[in-house]
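Chains as they are written, first to last, in our numbering: chain D, 3 to 302; chain B, 4 to 439. First up is the structure itself, then whatever we jot down about it.
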């Protein structure tokens with residue numbers, strides 16, 4: 003507010019005559035190049051910092067237990083012992099199938115409920131819409147452990163403990179606020195006129211949603227779905243507490259390799275690598291969709 | 004002719020009816036080495052008891068505790084067998100959460116179970132869990148270094164001597180530390196060790212009216228000794244070292260001494276896992292003012308929650324997994340150093356075990372000497388050597404563990420740490436209704 007000095011003024015005045023002769027455009031290009039370089043460097047640094055733990059985990063999975071706890075080193079003779087031990091102890095495919103089932107099942111269910119909900123809030127808002135949206139978000143502010151006992155009791159009485167259906171329902175409920183919020187923002191960006199034009203042509207509400215809304219906001223829906231899949235895949239609190247043997251997903255699989263007595267880092271890393279691999283590959287394949295969805299409507 | 008037909012037919016009928024009644028039991032356990040072996044022998048059990056199949060739920064210790072407590076308190080009935088410790092068994096038994104194990108078969112030989120372990124798992128004389136393996140604590144040291152420096156280990160070392168040896172052998176420039184001890188906060192981590200140290204310095208957790216005594220002179224002396232010893236002659240970052248970290252340090256030849264669980268002995272003696280297998284020496288845990296409570300007593304036990312729908316099958320499983328036959332089976336399949344220690348007298352009388360595990364007699368003596376009902380110099384109202392057997396202890400122990408870890412890192416002085424620990428313990432006990 004108080005800095006009213008025109009930015010170009012002092013800068014040009016301080017410039018040596020030679021550069022002044024270069025003209026504003028030349029300097030701009032040099033600055034832009036520098037900026038790009040710095041930005042690239044920053045981006046790489048951040049990427050490295052975020053990726054390093056995953057890289058280290060993958061590396062540790064190929065070490066022996068003794069190497070895993072010894073002084074950190076990048077160079078060692080890789081071994082598959084930990085993978086063999088991990089596979090010998092638990093059936094990876096069973097856990098992986100449970101993970102796929104509950105994360106995709108819950109995402110599908112959340113989209114099925116979320117799309118109509120977001121549609122009504124985006125296109126037919128009432129004076130309570132804002133309040134409802136905030137209320138939904140507020141359910142995410144409660145620590146899950148606060149409702150553990152009531153949910154456990156409900157699940158016990160409904161016979162849903164240690165069932166995939168039960169876990170799917172919980173994940174749906176867990177992700178629903180986020181799904182509705184994201185869909186709501188995507189839907190709001192869609193000009194109302196398009197839907198109105200459809201209605202003028204005699205489309206019913208269902209047709210409007212199916213043939214206009216969904217195709218036009220598909221990148222947004224896709225990225226919402228992907229986020230929901232990833233969140234469900236990584237969720238550990240409910241999966242550890244509500245499942246025991248039949249419906250246990252990969253998070254429970256990882257948890258079983260930690261140990262209070264004895265060395266376990268290499269085996270734990272091998273198990274973790276196997277648990278994150280499918281979702282990592284899935285994320286890699288769909289990253290274009292994700293980025294497109296997340297920046298969807300960002301530039302108006 | 005008829006008979007030859009009848010026999011397979013009967014077998015078939017028996018098999019079919021067994022399959023029809025096949026019972027599935029779910030066993031919740033932790034990922035410790037002995038449990039991994041038990042898991043790998045599931046087939047043996049299922050062959051011996053064709054009507055029962057076993058499902059495993061393996062969880063990290065703290066998760067397991069939370070998970071089983073939730074299930075048992077809400078009557079979820081998800082588990083038929085639970086792996087719990089000496090601390091939980093009496094508390095859970097008192098709430099009628101566990102099935103009392105009255106009708107154990109004669110072949111099980113209940114009297115063969117070590118008495119302190121059996122007492123720890125009983126309430127009103129009835130066993131509520133069967134011990135899977137047990138441990139005490141002892142002093143491990145590097146015989147080669149002790150010989151080099153001409154130090155002779157007495158039968159019963161004192162903590163003062165231990166400090167002298169630690170200062171003599173401490174050589175951090177060459178990656179060798181005088182002593183390794185637990186520093187990671189937690190009632191089952193640093194406080195397991197610290198409680199035994201306090202015991203032997205003459206202190207106790209509570210007086211007879213349940214008033215905490217953490218700011219007593221005995222605690223002060225014990226914790227000052229601990230901070231001085233581990234701070235000056237311990238490895239860097241000792242406040243984040245638990246059992247696992249110290250095991251790795253000691254077996255890598257980085258510690259001259261280590262006081263910890265007797266269950267580490269098997270691994271330390273195994274040349275494939277330990278660099279110091281050849282040079283390993285062991286002795287009783289050091290003492291200070293009194294030998295009482297200078298080494299702990301712990302066992303991992305298998306219990307049947309009252310909510311289990313398959314209590315008979317579950318009892319068959321836990322009697323199998325804690326039987327002499329099971330120990331025999333592990334000895335033959337995995338070697339005698341791998342048998343679950345600290346549960347049965349017969350294990351320690353077995354020549355094969357004594358030969359494979361030279362530490363056997365030490366462990367047996369340490370376990371038999373540990374008396375959870377009389378572990379402090381002054382009388383105390385609680386049962387337990389390295390813990391006080393009340394539900395509030397988990398929270399209090401962990402809180403005190405954190406303040407002591409803070410004193411170890413130098414964030415607070417020992418005196419400040421103990422004053423604040425005392426205050427939080429008093430608050431917790433008042434809230435729990437022990438006094439107004």
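Quick reminder that beta carbons are idealized off the backbone N, C-alpha and C, glycines included. All values derive from a computational prediction rather than experimental measurement.
Other residues of its chain near residue i: CB distance less than 6 Å, five sequence neighbours each side excluded
| i | result |
| --- | --- |
| residue 443 of chain B | Nothing in the structure corresponds to residue 443 of chain B, since chain B is present only between 4 and 439. |
| residue 402 of chain B | 427 |
| residue 144 of chain B | 260, 284 |
| residue 94 of chain B | 394 |
| residue 75 of chain B | 100, 308 |
| residue 274 of chain B | 280 |
| residue 194 of chain B | 400, 404 |
Closer than 8 Å to chain B by CB, residue i
| i | result |
| --- | --- |
| residue 72 of chain D | yes |
| residue 91 of chain D | yes |
| residue 164 of chain D | yes |
| residue 39 of chain D | no |
| residue 285 of chain D | no |
| residue 61 of chain D | no |
| residue 241 of chain D | no |
| residue 246 of chain D | yes |
| residue 15 of chain D | Only weak support is given to the placement of residue 15 of chain D: the predicted model assigns it a pLDDT of 44, under 50, and the value that follows is read from those uncertain coordinates. No, residue 15 of chain D lies away from the interface with chain B (no Cβ there is under 8 Å from its Cβ). |
| residue 268 of chain D | no |
Any C-beta of chain D under 8 Å from that of residue i
| i | result |
| --- | --- |
| residue 70 of chain B | yes |
| residue 81 of chain B | yes |
| residue 36 of chain B | yes |
| residue 66 of chain B | yes |
| residue 1 of chain B | Not covered by the structure: residue 1 of chain B. The range shown for chain B is 4 to 439. |
Closer than 8 Å at the beta carbon, the chain B residues around residue i
| i | result |
| --- | --- |
| residue 97 of chain D | Per Cβ cutoff of 8 Å: no residues; residue 97 of chain D is ~12 Å from chain B at best. |
| residue 144 of chain D | Residues of chain B passing the Cβ test: none, with the nearest at roughly 18 Å. |
Own chain residues within Cβ distance below 7 Å of residue i, not counting five before or after
| i | result |
| --- | --- |
| residue 132 of chain B | 87, 92, 101, 124, 304, 305, 306 |
| residue 85 of chain B | 31, 71, 306, 308 |
| residue 282 of chain B | 145, 146, 147 |
| residue 219 of chain B | 206 |
| residue 13 of chain D | Any reading at residue 13 of chain D must be qualified, since the residue scores a pLDDT of 43, below 50, and its modelled position is unreliable; no value is offered. |
Residues of its chain near residue i, where Cβ-Cβ distance is below 8 Å and the 5 sequence neighbours each way are ignored
| i | result |
| --- | --- |
| residue 167 of chain D | none |
| residue 246 of chain B | 185, 192, 263, 264, 267 |
| residue 229 of chain B | 184, 197, 200, 407, 411 |
Closer than 7 Å at the beta carbon, the chain D residues around residue i
| i | result |
| --- | --- |
| residue 224 of chain B | Near residue 224 of chain B there are no residues of chain D at all, since even the closest Cβ is about 30 Å away, more than 7 Å. |
| residue 26 of chain B | The contacting residues do not exist; residue 26 of chain B stays about 14 Å from chain D at best. |
| residue 63 of chain B | 257, 260 |
| residue 58 of chain B | 247 |
| residue 29 of chain B | 246, 247 |
Chain-ordered neighbours of residue i on chain B, where CB pairs are closer than 9 Å
| i | result |
| --- | --- |
| residue 121 of chain D | Neighbours of residue 121 of chain D on chain B: none; closest Cβ ~39 Å, over 9 Å. |
| residue 151 of chain D | 73, 76, 77 |
| residue 169 of chain D | Result: empty, since nearest Cβ-Cβ is about 14 Å, beyond 9 Å. |
8 Å contact criterion, which residue i and residue j should meet: CB distance rounded
| i | j | result |
| --- | --- | --- |
| residue 139 of chain D | residue 183 of chain D | 6 Å |
| residue 137 of chain B | residue 334 of chain B | Incorrect: roughly 17 Å between the Cβ atoms, too far for contact. |
| residue 63 of chain D | residue 268 of chain D | 6 Å |
| residue 313 of chain B | residue 83 of chain B | 5 Å |
| residue 286 of chain B | residue 270 of chain B | Actually they are not in contact, since the Cβ atoms of residue 286 of chain B and residue 270 of chain B sit about 18 Å apart, beyond 8 Å. |
| residue 425 of chain B | residue 190 of chain B | Wrong, their Cβ atoms sit about 16 Å apart, outside the cutoff. |
| residue 92 of chain D | residue 260 of chain D | The Cβ separation is near 13 Å, so there is no contact. |
| residue 200 of chain D | residue 214 of chain D | 5 Å |
| residue 134 of chain D | residue 230 of chain D | About 20 Å; that fails the 8 Å criterion. |
Contact set between residue i and chain B, taken where Cβ atoms lie within less than 7 Å
| i | result |
| --- | --- |
| residue 160 of chain D | Those do not exist, as residue 160 of chain D stays about 12 Å from chain B at its closest Cβ, beyond 7 Å. |
| residue 265 of chain D | 247, 251 |
| residue 154 of chain D | 73, 77, 79 |
Member of the options whose CA lies at the smallest distance from the CA of residue i
| i | options | result |
| --- | --- | --- |
| residue 170 of chain B | B/253, B/69, B/414, B/149 | B/149 |
| residue 252 of chain D | D/103, D/59, D/142, D/205 | D/103 |
| residue 66 of chain B | D/290, D/246, D/271, D/295 | D/246 |
| residue 90 of chain D | B/159, B/240, B/43 | B/43 |
| residue 336 of chain D | D/271, D/146, D/225 | Chain D is shown only over 3 to 302; residue 336 of chain D falls outside these bounds and no answer can be derived. |
| residue 134 of chain B | B/140, B/119, B/141, B/404 | B/119 |
| residue 63 of chain B | D/256, D/279, D/273, D/281 | D/256 |
| residue 216 of chain D | D/202, D/192, D/237, D/150 | D/192 |
Where residue i meets chain D, residues with beta-carbon distance less than 9 Å
| i | result |
| --- | --- |
| residue 255 of chain B | 68, 71, 72 |
| residue 341 of chain B | Simply none; closest approach about 12 Å. |
| residue 266 of chain B | 263 |
Cross-chain neighbours of residue i in chain D, by beta carbon under 8 Å
| i | result |
| --- | --- |
| residue 42 of chain B | 91 |
| residue 39 of chain B | 91 |
Check: residue i C-beta below 7 Å from any heavy atom of the ligand PLP
| i | result |
| --- | --- |
| residue 157 of chain D | Among the ligands in the structure shown, none appear at all, so the ligand PLP cannot be discussed. |
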